[in-house]
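Numbering (our numbering), first residue to last: 472 to 655. Idealized CB from N, CA, C, for every residue including glycine. Model, not experiment: these values are computed from the prediction. Below you'll find the structure, written out as structure tokens, and then a few comments.
Set out below in structure tokens:
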């Protein structure tokens with residue numbers, strides 16, 4: 472976590488959609504367009520800020536996934552919530568909502584203003600040798616902290632999204648926090 476939530480912190484939620492296909496489990500990620508104000512060009516989960524009509528964070532995550540990738544709102548079934556993360560760049564406290572969406576969605580449509588591409592990433596790729604790495608970063612004299620990366624084919628997932636993926640894999644595979652040394 473870079474920094475701490477404050478009075479300007481925005482409550483947000485992302486959907487971590489999982490599905491089975493060809494004997495693997497996939498996670499859906501998005502690549503943000505380069506024109507975005509925050510996190511331009513980065514890989515992330517579909518999601519965004521809580522709106523007044525959202526009854527809870529699950530509803531926020533599902534609404535945002537429907538808007539951003541055209542996911543049928545009837546598909547997601549809640550599996551749980553990962554640890555909330557504060558993102559300094561967008562001043563958001565993000566609640567990752569993990570969902571099972573059945574099989575591979577027939578057609579997802581990116582909302583061009585917010586999504587450049589929809590990525591279907593097999594968990595097996597995330598677990599492949601040399602895909603995960605961790606660096607130690609320092610930020611404006613606030614000490615050192617770990618920064619996670621997943622080097623995918625054609626994309627790098629890093630920061631909060633990589634931390635969420637790391638926790639998802641740790642929980643899903645029953646690994647402890649010593650994640651990097653436990654990968655194949």
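Query                                                                                                             : Result
Beta-carbon proximity list for residue 491, same chain, < 7 Å, skipping 5 on both sides                           : 574
Contact under 8 Å by Cβ, residue 600 with residue 589                                                             : no
Cβ pair count under 8 Å reaching 3, the segment 534-541 against the segment 610-625                               : no
Residue 568, buried or exposed, once every other Cβ within 10 Å from all chains shown has been counted against 16 : buried
Start and end residues, beta strand (DSSP E) containing residue 502                                               : 495-502
Limits of the beta strand (DSSP E) - the one that residue 586 falls within                                        : Looking at the DSSP string, residue 586 is not in any beta strand (DSSP E), and its letter there is neither H nor E.
Beta bridge counterpart(s) of residue 578 as assigned by DSSP                                                     : None; residue 578 has no bridge partner.
Endpoints, the beta strand (DSSP E) within which residue 482 is located                                           : 481-492
Residues bridged to residue 626 [DSSP beta-bridge criterion]                                                      : 623
For residue 607, three-class secondary structure by DSSP                                                          : strand
Beta-carbon gap between residue 487 and residue 498 smaller than 8 Å                                              : yes
Coil, strand or helix - residue 595 by DSSP                                                                       : helix
Assumed close pair residue 579, residue 541 - CB separation to whole angstroms, cut-off 8 Å                       : 5 Å
Nearest neighbour of residue 548, chosen from 630, 572 and 598 [CA to CA]                                         : 572
Secondary structure of residue 563, DSSP reduced to three states                                                  : strand
Which listed residue (479, 480 and 484) has its alpha carbon closest to that of residue 566                       : 484
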